[in-house]
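Before any comments, here is the structure.
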Amino acid sequence: MPSPKLIVHHLQVGQGERIPWLLEELAIPYELKLYKRSPLLSPPELKALYPLGAAPVLEDLTDPSNPVKIAESGAIVEYIIYKYGSGRLALEPQHKNFADYLYWLHFSNATLQPALLRCGMARGMVGEQDMRYKGNAARVDIALNHLNDRLLSNAWLAGQEFTAADVMTGWCFSTMRKFEPIDLTGYDGILAWLKRVGEREAYRRAMGKADPELDIEEGLSAKGPPLMDAFVKAMALKP
Ligand SMILES: N[C@@H](CCC(=O)N[C@@H](CS)C(=O)NCC(=O)O)C(=O)O
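Just so you know, we're using this note's numbering here: the sequence shown kicks off at 638 and counts up by one.
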């Protein structure tokens with residue numbers, strides 16, 4: 638098989654960090670194209686790349702007769718794992734934790750992340766005292782406790798093995814807290830898991846390439862990183 642020719646388009650301080658992290662874990666070579674937020678959303682050159690104008694986007698130019706362009710971080714993760722990773726970092730259907738793997742692989746984008754986003758939007762639009770904010774915050778809390786319980790009894794989300802489910806979920810706590818400030822104090826399962834994430838060389842290498850200006854330790858800490866200025870300005874619709 639020819640060596641993969643992959644281009645990862647990453648909007649910095651964003652969920653695209655999942656893709657270089659996965660590629661570093663799998664030791665698959667890639668080219669990284671970085672985009673700065675402008676000031677909060679995608680710059681024009683990224684918007685031009687894909688109809689939704691969001692990142693990450695992966696270009697696969699390995700086979701010149703069949704160039705591929707794919708978005709959606711979850712889809713990109715599965716594409717890489719099955720096309721170039723020989724299924725590594727996924728669990729097989731025969732594995733006893735196959736259902737856990739699938740569940741946690743999808744949990745971040747399908748449940749946790751939308752809940753965090755709703756919270757961030759409600760905070761800006763109606764304020765923290767409003768029931769619409771409080772209702773969303775309560776749902777985030779349920780999701781956090783659910784994750785925490787899982788990680789109190791398992792080293793990784795799918796069980797004892799590190800998988801793509803961990804790659805999908807990491808950013809929700811590290812970098813996404815630049816958009817929604819969750820204090821993880823008391824969530825000992827999540828904090829211990831974040832510590833294990835921070836010990837992975839592939840994670841550090843990926844973050845060093847994708848977002849060299851981000852302080853990784855802040856993202857992995859209980860208190861989390863400071864909010865992004867552009868987000869604070871854009872969301873400060875109500876005091
Ligand atoms: N569901 C998509 C979401 C992609 C997405 O919204 N990415 C954000 C970065 S975190 C983005 O590109 N935002 C800029 C914009 O929409 O202009 C995925 O998982 O890749």
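No residue lacks a Cβ here, since even glycine has one placed at the ideal position from N, Cα and C.
Notebook entry, point to check: In its own chain, which residues sit with a C-beta less than 7 angstroms from the C-beta of R755, not counting the 5 before and 5 after it?
Noted result: Within the sequence shown, numbered from 1, the residue matching residue 755 stands at position 118. Cβ within range, chain order: N773.
Item checked: Range covered by the alpha helix (DSSP H) that runs through A877 -> The question about residue 877 has no answer, for the chain in this structure spans 638 to 876.
Check: Do L643 and E668 come within 8 angstroms of each other at the CB atom, strictly closer than that value?
Finding: As a working mapping, residue 668 is identified with position 31 in the sequence shown. As a working mapping, residue 643 is identified with position 6 in the sequence shown. Contact: yes.
Note to self: If distances are taken between C-alpha atoms only, which option among P862, G722 and I718 comes closest to C809?
What the structure shows: The residue labelled residue 809 in the question sits at position 172 within the sequence shown. With distances taken between Cα atoms, C809 lies closest to P862.
Notebook entry, point to check: Under three-state DSSP, which class holds D852?
Noted result: One-based indexing of the sequence shown puts residue 852 at position 215. Coil at D852, not helix or strand.
Next item on the list: Use the C-beta contact count for E836: other C-beta atoms within 10 angstroms, 16 or more gives buried, fewer gives exposed.
Entry: Counted from its first residue, the sequence shown places residue 836 at position 199. Classification for E836: exposed.
Notebook entry, point to check: With distances taken between CB atoms, is the gap from I665 to G724 smaller than 8 angstroms?
Noted result: Counted from its first residue, the sequence shown places residue 665 at position 28. Counted from its first residue, the sequence shown places residue 724 at position 87. No, Cβ-Cβ distance for I665 and G724 is not below 8 angstroms.
Note to self: ligand 1 and S579: does any heavy atom of the ligand fall closer than 7 angstroms to the residue's C-beta?
What the structure shows: Residue 579 lies beyond the residue range present for the chain, which begins at 638 and ends at 876; the question has no answer from this structure.
Margin query: Suppose contacts are defined by Cβ-Cβ distances below 8 angstroms. Is L831 in contact with L857 by that definition?
Written below: Residue 831 sits at position 194 when you count from the first residue of the sequence shown. Residue 857 sits at position 220 when you count from the first residue of the sequence shown. In contact: L831 and L857 (Cβ atoms closer than 8 angstroms).
Checklist line | Unbroken beta strand (DSSP E) run spanning E668, endpoints | finding: Translated into positions along the sequence shown, residue 668 becomes position 31. Run containing E668: E668 to Y672, per the beta strand (DSSP E) assignment.
Margin query: For P701 and P641, I'd like the C-alpha separation in whole angstroms.
Written below: For this step, residue 701 is matched to residue 64 along the sequence shown. For this step, residue 641 is matched to residue 4 along the sequence shown. Looking at the two C-alpha atoms, the distance is approximately 11 angstroms.
Margin query: Less than 8 angstroms between the C-beta atoms of T800 and L726, yes or no?
Written below: Sequence index remark: in the sequence shown, residue 800 carries index 163 (1-based). Sequence index remark: in the sequence shown, residue 726 carries index 89 (1-based). Yes, the pair counts as a contact, with Cβ atoms nearer than the cut-off.
Checklist line | Buried versus exposed call for S790 [16 or more other C-beta atoms within 10 Å across all chains shown] | finding: What you label residue 790 is simply residue 153 of the sequence shown in a count that begins at 1. Answer is exposed; the Cβ neighbour count stays below 16.
Next item on the list: Excluding the 5 residues preceding and the 5 following Q797 in the sequence, name in chain order all residues of the same chain whose CB lies nearer than 8 angstroms to its CB.
Entry: Walking along the sequence shown from the start, residue 797 turns up at place 160. Closer than 8 angstroms at the Cβ level, and outside the excluded window around Q797, lie N791.
Next item on the list: Tell me whether G651 counts as near ligand 2, meaning its Cβ is closer than 7 angstroms to at least one heavy atom of that ligand.
Entry: The ligand content of the structure shown is limited to ligand 1, which means ligand 2 is not among them.
Notebook entry, point to check: Counting only runs that start and end within the segment 699 to 784, where is the beta strand (DSSP E) found for 3 or more residues in a row?
Noted result: 705 to 708
Notebook entry, point to check: Between which two residues does the alpha helix (DSSP H) carrying V645 extend?
Noted result: By one-based count along the sequence shown, residue 645 stands at place 8. Per DSSP, V645 belongs to no alpha helix (DSSP H); it is in the beta strand (DSSP E), L643 to L648.
Note to self: Which of the three DSSP states is assigned to E654 in this structure?
What the structure shows: Residue 654 sits at position 17 when you count from the first residue of the sequence shown. E654 falls in the helix class under three-state DSSP.
Checklist line | Alpha-carbon to alpha-carbon, K846 and L742 | finding: The residue given as residue 742 occupies position 105 in the sequence shown. The residue given as residue 846 occupies position 209 in the sequence shown. Those two C-alpha atoms are separated by around 24 angstroms.
Checklist line | Close-in-space but distant-in-sequence residues of the same chain around S745 (CB under 7 angstroms, 5 per side omitted) | finding: Locating residue 745 in the sequence shown gives position 108, where the first residue counts as 1. Answer for S745: M805, T806 and C809, listed in chain order.
Item checked: Neighbourhood of P876 by C-beta distance below 6 angstroms, restricted to the same chain and skipping five residues each side -> Within the sequence shown, residue 876 is the residue found at index 239, counting from 1. In this prediction, P876 has a pLDDT of 46, which is less than 50 and means its spatial position is unreliable; what the coordinates show is noted afterwards. Nothing meets the Cβ criterion.
Next item on the list: Please say whether Y716 and L695 have beta carbons closer to each other than 8 angstroms?
Entry: Your numbering for residue 695 matches position 58 in the sequence shown. Your numbering for residue 716 matches position 79 in the sequence shown. The answer is yes: Cβ separation under 8 angstroms.
Check: Run through DSSP, which three-state label would E696 get?
Finding: What you label residue 696 is simply residue 59 of the sequence shown in a count that begins at 1. Residue state, collapsed to three classes: strand.
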